[in-house]
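To keep things clear, I will list the structure first and then write my remarks on it.
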Amino acid sequence: MTKIILLLWGSIFTCSWVQAQTDYDVSIAVDTTKMRIGEKIEYLLQVKADSSALVTFSDPPFFAPFEVLEESAIDTLRAESHYLFTKKYALIQFDSGAYWLPPQKVMINGFTKVSDSLLIQVATVPVDTLKQNLFDIKPIVEVEKNYDAITRNIVYGFLIVLLLIGLIYAFFFARKKREERKKKRPPFERAIEELKALESVSPAEQQEFKDYYSRLTDVVRRYLEEEVKISALEITT
Numbered sequence: 092m093t094k095i096i097l098l099l100w101g102s103i104f105t106c107s108w109v110q111a112q113t114d115y116d117v118s119i120a121v122d123t124t125k126m127r128i129g130e131k132i133e134y135l136l137q138v139k140a141d142s143s144a145l146v147t148f149s150d151p152p153f154f155a156p157f158e159v160l161e162e163s164a165i166d167t168l169r170a171e172s173h174y175l176f177t178k179k180y181a182l183i184q185f186d187s188g189a190y191w192l193p194p195q196k197v198m199i200n201g202f203t204k205v206s207d208s209l210l211i212q213v214a215t216v217p218v219d220t221l222k223q224n225l226f227d228i229k230p231i232v233e234v235e236k237n238y239d240a241i242t243r244n245i246v247y248g249f250l251i252v253l254l255l256i257g258l259i260y261a262f263f264f265a266r267k268k269r270e271e272r273k274k275k276r277p278p279f280e281r282a283i284e285e286l287k288a289l290e291s292v293s294p295a296e297q298q299e300f301k302d303y304y305s306r307l308t309d310v311v312r313r314y315l316e317e318e319v320k321i322s323a324l325e326i327t328t
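Heads up: the sequence shown at position 11 corresponds to 102 in this note's numbering, and the numbers run straight through without jumps.
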């Protein structure tokens, strides 16, 4: 009796599991199965499941030999008693030929569902040189030289150079004048400094007295020359 009950429960569980798996559906769609080299195709991967399903798309997706240009976020849409989980991809191929888009794997509640593969035809871009118009090579055209523009540019350049030289000279000349004014002390300060230097001199002989007074008169004359603006250096003591 116990074995019968266990078998019944196992059958119910198995049927429920199978029923749950059959409720999940993975489908694909493309906007075209024929493309040219360098063109983009839109690939749509859609999963149909209930609201409690945990759907996980492959990350990163595998579409070799196609390259993935763009990848959208998962779009969830409720449709009657189920949900549609949709993801879009933009794919591109640069070689002509027939290529299979590989099946995509989707995890649903821990179980793997695989989509169908799809054949894509990639054609080359036709180039017909016979239909193109051919033209003769145009002759060389002599271009007249604009001497007025050349002369004007030379004059403007010469004036700009002169202006730069003038600015540089004015800058350095003004700075030199400022430095000379800073170095040049007032006549009164220089005279005081020279008189203080004379205070340390103690003449003992007649010749030393003459030198002492000669230096003293030179200090006074220089001060009058610079401060009072009279020719004191040329007059006698």
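Backbone N, C-alpha and C fix where the C-beta goes; we use that ideal spot for every residue, glycine too. Keep in mind that this is a model prediction, so the values were computed, not measured.
{"Item": "If you drop the 5 nearest sequence neighbours on each side, which residues of the same chain put their C-beta closer than 8 Å to that of residue 155?", "Value": "193"}
{"Item": "Just list the residues that DSSP pairs residue 137 with in beta bridges.", "Value": "118 and 177"}
{"Item": "Which residues in the same chain have their Cβ closer than 6 Å to the Cβ of residue 183, if we skip the five residues on either side of it in sequence?", "Value": "131, 158 and 160"}
{"Item": "Would you report the Cα separation of residue 299 and residue 293, rounded to the nearest angstrom?", "Value": "9 Å"}
{"Item": "Could you check if residue 287 is buried or exposed, using at least 16 other CB atoms within 10 Å of its CB as the buried criterion?", "Value": "exposed"}
{"Item": "Starting from residue 168 and walking both ways along the beta strand (DSSP E), at which residues does that stretch end?", "Value": "166–170"}
{"Item": "Going by the beta-carbon positions, is the gap between residue 202 and residue 129 smaller than 8 Å?", "Value": "no"}
{"Item": "So which of 169, 188, 187 and 165 has the shortest CA-CA distance to residue 177?", "Value": "165"}
{"Item": "Just list the beta strand (DSSP E) runs in the region 196–256, keeping only unbroken ones of 3 residues or longer that don't cross its boundaries, in chain order.", "Value": "196–199, 202–205 and 209–214"}
{"Item": "Just mark residue 199 as buried or exposed, buried being the case when its beta carbon has 16 or more other beta carbons within 10 Å.", "Value": "buried"}
{"Item": "Check whether the region 115–128 and the region 205–213 touch, using three or more Cβ-Cβ pairs below 8 Å as the test.", "Value": "yes"}
{"Item": "Nearest by alpha-carbon distance to residue 145: which of 163, 285, 197 and 318 is it?", "Value": "197"}
{"Item": "Please report the distance separating the alpha-carbon of residue 112 from that of residue 140.", "Value": "For residue 112, the pLDDT reaches just 47, beneath the cut-off of 50, and the residue's location in the model is therefore unreliable, although a value from the coordinates is still provided. In a straight line, the C-alpha of residue 112 is about 9 Å away from that of residue 140."}
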